[in-house]
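Accompanying notes for the structure given below.
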Amino acid sequence: MPGANLPHRFLDNRGGLLYIDGVSAAELADKFDTPLYVLIENRIRENYRRLKDALLKYYDKVRIYYSAKANTNLAVLKILESEGAYLDAVSPGEVFLALKAGFQPDRILFTGTSVRDDELKFLAESGVIINIDSISQLRRLLKIHVPELLSFRVNPEVGAGHHEHVITAGRNSKFGIWESDIVEAYRIALNAGVKRFGIHMHIGSGILDAEPFLLAAEKLLKIAGQIHNKLGITFEFMDFGGGLGVPYSPDEKPLSIDDFAGRMLSLFKSRVGEYHLGEPLFCIEPGRFIVCDAGILLTRVNTVKITPFKKFIGVDAGFNTLIRPAMYGSYHPIIVANRLNEPEKEVYDVAGPLCESGDILARNRVLPEIQEGDLLAILNAGAYGFSMSSQYNSRPRCAEVLVKDGKYAIVRERESLEDLVRGQRIPDWLQS
Ligand SMILES: Cc1ncc(COP(=O)(O)O)c(C=O)c1O
């Protein structure tokens, strides 16, 4: 096999060494230590614009809510704020971070499930738009506050995703309001004095085929038509959720954004006309699509261990740093940042430092022959990488650095051992 494949123009092979938007991966690893997340500002902007331009070709009232859960680094939020994006938040913490990054409250849509009363109060006081997940949540909100604008998450009974854990609609899903209850939900809100409305769905994550989106959108539009018929509501916005996938393994094909945009918007425009729904905003809320391939995890090889059955590369990132392989069995492309020109001829399992047999980042991966001290770059790590990381095994969380046009800046410091005890107390009776 020849040397490593580089997936986009911000990753560059200079004499066998990896450069990330003009910055040497080795220099970043030496300067900031590993494991290290490297985020590419230009790629985040490019992904956002690719999507926005594709949608605007077919309809001019379009909004993209960046789904913050994929990556909540303040620098990432700031980049998307400056692009004019809106923001999808799923916790008061994400609302807090979005406000800190400069998003105005009316650019934030909160979609929570199992939301507490004090959280509803916080959201009402923040002035963000709330997307309701159940009639119980609606009744509790209305006791606290009657917003001018309210949205409801519908379960369109079509779910999809790269793993069972990320399918968020259909029979077994805890999310959204069923068709049988939805007119009642809007009626309660209308009677309470809510004046403006949105409607929402989110069917799952990592979807590489437009078909499930179209099936679910057809259902959502039909439900919107029924609500309009029965209650006379017109929708200010219709949000078709996130879930736009990105290929991780070589056998996956990218979702064609132009095909997605063209088919979704043609369906949208036709049904909006048919059901007399006016001219609502067409919204989507992608996370992964915008940040996934803009993030690289650099990790150093500590050990090469050869057993009678396997060759293991022991690296310094584990599922505390990137949980997707352990949690979902996900594939992430891996390249050797200091051996890009060397033939890929050895088969390795790439293992983390945690005391868990499941702490494996890749199985049976064909790579160049590895030496201790080599630097691996785990690609497509920008989404659900740092945001799902932990201190498991009492390992401080790693740092994040942002690169742009050959320059770089640290955007999250590496935690120290002291961070492991921050907030902990030893009670009096245990003090000697
Ligand atoms: C409500 C909601 N919107 C958007 C997203 C973003 O999904 P993705 O990152 O797959 O685009 C999620 C992810 O789980 C979600 O729960």
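For the sequence shown, the residue numbers in my numbering are 10 to 441. Quick reminder that beta carbons are idealized off the backbone N, C-alpha and C, glycines included. Computed from a prediction, not measured in an experiment: that's the story for all the values here.
Helix, strand or coil at residue 73 according to DSSP, with G and I counted as helix: strand
Any idea if residue 126 is buried or exposed, counting beta-carbon neighbours within 10 angstroms, 16 or more meaning buried? exposed
Contact the region 369 to 382 vs the region 281 to 294: 3+ CB pairs below 8 Å: no
Under 7 Å from any heavy atom of ligand 1, does the C-beta of residue 392 make it? yes
Under the three-state DSSP convention, the category residue 33 falls into: strand
If contacts are defined as beta-carbon pairs under 8 Å, then residue 192 and residue 235 qualify, I think. What distance do you get, rounded to the angstrom? 7 Å
Under 7 Å: does the beta carbon of residue 177 sit that close to some heavy atom of ligand 1? yes
Rounded separation between residue 247 and residue 194 - CA only: 16 Å
Check whether the region 380 to 395 touches the region 307 to 315, counting contact only when three or more Cβ pairs, one atom from each stretch, lie closer than 8 Å. yes
Name the DSSP beta bridge partners of residue 86, please? According to DSSP, residue 86 bridges with nothing at all.
Alpha carbon to alpha carbon, how far is residue 317 from residue 81? Give it in angstroms, no decimals. 43 Å
Which ranges does the beta strand (DSSP E) cover as unbroken runs of at least 3 residues, wholly within the region 331 to 366, from first to last along the chain? 343 to 345 and 355 to 360
Considering Cα atoms alone, identify which of 142, 143, 114 and 278 is closest to residue 131. 114
Check whether the region 36 to 56 touches the region 238 to 253, counting contact only when three or more Cβ pairs, one atom from each stretch, lie closer than 8 Å. no
When DSSP builds the beta bridges, which residues end up paired with residue 444? Residue 444 falls outside the range modelled here, since the chain spans only 10 to 441, and no answer is possible.
What alpha helix (DSSP H) runs, 4 residues minimum, are completely inside the region 288 to 339? 297 to 300 and 333 to 337
Looking at the secondary structure, which residues open and close the beta strand (DSSP E) in which residue 162 lies? 158 to 162
Tell me the DSSP bridge mates of residue 98? 119
Spatial distance of residue 179 from residue 144 (CA atoms): 18 Å
May I ask whether a heavy atom of ligand 1 can be found less than 7 Å away from the beta carbon of residue 377? no
Could you name the residues that DSSP lists as bridge partners for residue 201? None; residue 201 has no bridge partner.
Any heavy atom of ligand 1 closer than 7 Å to the beta-carbon of residue 295? yes
For residue 334, is the classification buried or exposed, using 16 other Cβ atoms within 10 angstroms of its Cβ as the cut-off for buried? buried
Kindly confirm or deny that the region 171 to 178 and the region 82 to 93 touch, where touching means at least three C-beta pairs closer than 8 Å. no
For residue 63, which of helix, strand or coil comes out of DSSP? helix
For residue 286, report the span of its beta strand (DSSP E) as first-last. Segment: none, residue 286 is in no beta strand (DSSP E) and carries neither H nor E.
Ligand 1 and residue 120: does the residue's C-beta get closer than 7 Å to at least one heavy atom of that ligand? yes
Taking residue 422 as the reference, which of 406, 436, 432 and 429 has the closest Cα? 406
I'd like to check one pair, residue 37 with residue 74: are the Cβ atoms closer than 8 Å? no
Check for me: the alpha helix (DSSP H) holding residue 148 runs from which residue to which? 144 to 153
Return the first residue and the last residue of the beta strand (DSSP E) that residue 244 is part of. 244 to 248
Just to confirm, are residue 91 and residue 295 a CB contact at a threshold of 8 Å? no
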